[in-house]
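Reviewing the structure listed below.
Protein chains: 2
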Amino acid sequence: MQQRNTRQRQLILDELRKLTSHPTATMLYDIVRRRLPRISLGTVYRNLEQMAAAGMVRKIETAGGPARYDGSIHEHDHIRCVRCGRVDDLPAVPLDKMIPPDQDWVGYRVLDRRVEFLGLCPACANASGEETHSPVADRKR
Amino acid sequence: MQQRNTRQRQLILDELRKLTSHPTATMLYDIVRRRLPRISLGTVYRNLEQMAAAGMVRKIETAGGPARYDGSIHEHDHIRCVRCGRVDDLPAVPLDKMIPPDQDWVGYRVLDRRVEFLGLCPACANASGEETHSPVADRKR
DNA sequence: CGTTGAATAGTATTGATTATCATTACTGTT
DNA sequence: AACAGTAATGATAATCAATACTATTCAACG
Numbered sequence: 089m090q091q092r093n094t095r096q097r098q099l100i101l102d103e104l105r106k107l108t109s110h111p112t113a114t115m116l117y118d119i120v121r122r123r124l125p126r127i128s129l130g131t132v133y134r135n136l137e138q139m140a141a142a143g144m145v146r147k148i149e150t151a152g153g154p155a156r157y158d159g160s161i162h163e164h165d166h167i168r169c170v171r172c173g174r175v176d177d178l179p180a181v182p183l184d185k186m187i188p189p190d191q192d193w194v195g196y197r198v199l200d201r202r203v204e205f206l207g208l209c210p211a212c213a214n215a216s217g218e219e220t221h222s223p224v225a226d227r228k229r
Numbered sequence: 089m090q091q092r093n094t095r096q097r098q099l100i101l102d103e104l105r106k107l108t109s110h111p112t113a114t115m116l117y118d119i120v121r122r123r124l125p126r127i128s129l130g131t132v133y134r135n136l137e138q139m140a141a142a143g144m145v146r147k148i149e150t151a152g153g154p155a156r157y158d159g160s161i162h163e164h165d166h167i168r169c170v171r172c173g174r175v176d177d178l179p180a181v182p183l184d185k186m187i188p189p190d191q192d193w194v195g196y197r198v199l200d201r202r203v204e205f206l207g208l209c210p211a212c213a214n215a216s217g218e219e220t221h222s223p224v225a226d227r228k229r
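Taken in order, these protein sequences are the chains called A and B. At position 16 of the first sequence (counting the first as 1) the number is 104 in our numbering, and the numbers step up by one without a gap. At position 130 of the second sequence (counting the first as 1) the number is 218 in our numbering, and the numbers step up by one without a gap.
Here is the structure:
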């Protein structure tokens, strides 16, 4: 069950780390395929999953959309533009700031939290200001 | 574009409101099918979507899992058991308690936030206390 | 009645992800 | 170098949630 460093695994990691965006598995597949045309989509998924489990990369499971991957693993949250789908990093809101101590947890033991902020990125905020209709109406699903 | 109150639409809403759990569309489909065997899964999805848009029900898009639906629409958050998948209601953590004013939003205009807490439900917390391995290790995906 | 538009049932399709499996690649070890 | 054991790959099928499509049914109204 030990890990091996294959050409494809290394390439996936390299390309992911180059990107400041947060590509989906298929986006990354298209990118690595430019250098390794015979690579399989399953290989991309498999390696991303393994590296996420090993803490080498970060898997961002967005609600109602494909998972995205992040090459930088320092603690941070994400904000997603409801108009263009772009995902950006946010400095992490610390867990203790996020969870009031007087909260009623209905018996649960809290282990983690997942936050996703939604908003308009600078570009879209400008663009939508000039339009007549609400940008939120454009939002898919 | 006006709404009609069909038998199936009413039944879906009734059954959803009866449940304190937060069923997925297919779970609800199985339930309403007991009373209306010829109902179509598409109809369930369509009506849930419409009622969610109309604010009659609440759609909970969990990260990395199927969407769940909630018959009660008052503001609240959710906590999911990482062991058994059960979802329970939490009193809403107010947005201003959740978001520090000095946060850097990298130019975004924030519209909304989605929080999902993860933890162990009372039953699973007890059960896992007797086991030798960590319950978190059981966590899929 | 007959027409019209909305909703439905049934089914096909899409998209994301996971599983399967035969083949290939790597890692020691003689 | 030949070998055995194991891990990873490529190709493809399978699964699962969600949506799209289409012919049919339904409800309201003149």
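Every residue, glycine too, gets a C-beta built ideally from N, C-alpha and C.
- In summary, residue 111 of chain A is buried, with 16 or more beta-carbon neighbours lying within 10 Å of its beta-carbon over all protein chains present.
- Using beta-carbon distances, residue 173 of chain A does not count as an interface residue toward chain B, since no partner is under 7 Å.
- CA-CA distance, residue 116 of chain B to residue 168 of chain B, rounds to 19 Å.
- Between residue 91 of chain B and residue 113 of chain A, the alpha-carbon positions lie close to 39 Å from each other.
- For residue 130 of chain B, the uninterrupted alpha helix (DSSP H) segment begins and ends at 129-141.
- Exclusion of the five residues before and after residue 143 of chain B leaves 161 as the residues of its chain whose Cβ lies within less than 8 Å of its Cβ.
- Using a Cβ distance threshold of 7 Å, residue 159 of chain B and residue 104 of chain B count as a contacting pair.
- The C-beta distance from residue 197 of chain A to residue 208 of chain B rounds to 5 Å, short enough to fall under 8 Å.
- In the DSSP annotation of this structure, the continuous segment of the beta strand (DSSP E) that includes residue 146 of chain A starts and ends at 146-148.
- In terms of CA proximity to residue 194 of chain A, B:206 leads the group B:140, B:199, B:206.
- Counting C-beta pairs closer than 8 Å gives three or more between the stretch 125-145 of chain B and the stretch 93-108 of chain B, which meets the contact rule.
- When 7 Å is used as the limit between beta carbons, residue 132 of chain A is near no residue of chain B, the shortest such separation being about 16 Å.
- Between the alpha carbons of residue 145 of chain A and residue 179 of chain A lies a distance of about 17 Å.
- Residue environment for residue 192 of chain A: exposed (fewer than 16 other C-beta atoms within 10 angstroms of its C-beta).
- Where residue 104 of chain B is concerned, the enclosing alpha helix (DSSP H) starts and stops at 95-106.
- Burial is judged here by how many other beta carbons sit within 10 angstroms of a residue's own beta carbon; residue 108 of chain A has fewer than 16 and is exposed.
- Of all residues in the stretch 138-169 of chain B, the ones placed with a Cβ closer than 8 Å to any Cβ belonging to chain A are 149, 150, 151, 152, 155, 167, 169, in chain order.
- Residue range 197-208 is occupied by the beta strand (DSSP E) that includes residue 198 of chain A.
- For residue 213 of chain B, the C-beta contacts it makes with chain A under 7 Å involve 197, in order along the chain.
- Taking CB atoms only, residue 136 of chain A has no neighbour in chain B less than 7 Å away.
- Around the CB of residue 165 of chain B, 16 or more other CB atoms lie within 10 Å, so the residue is classed as buried.
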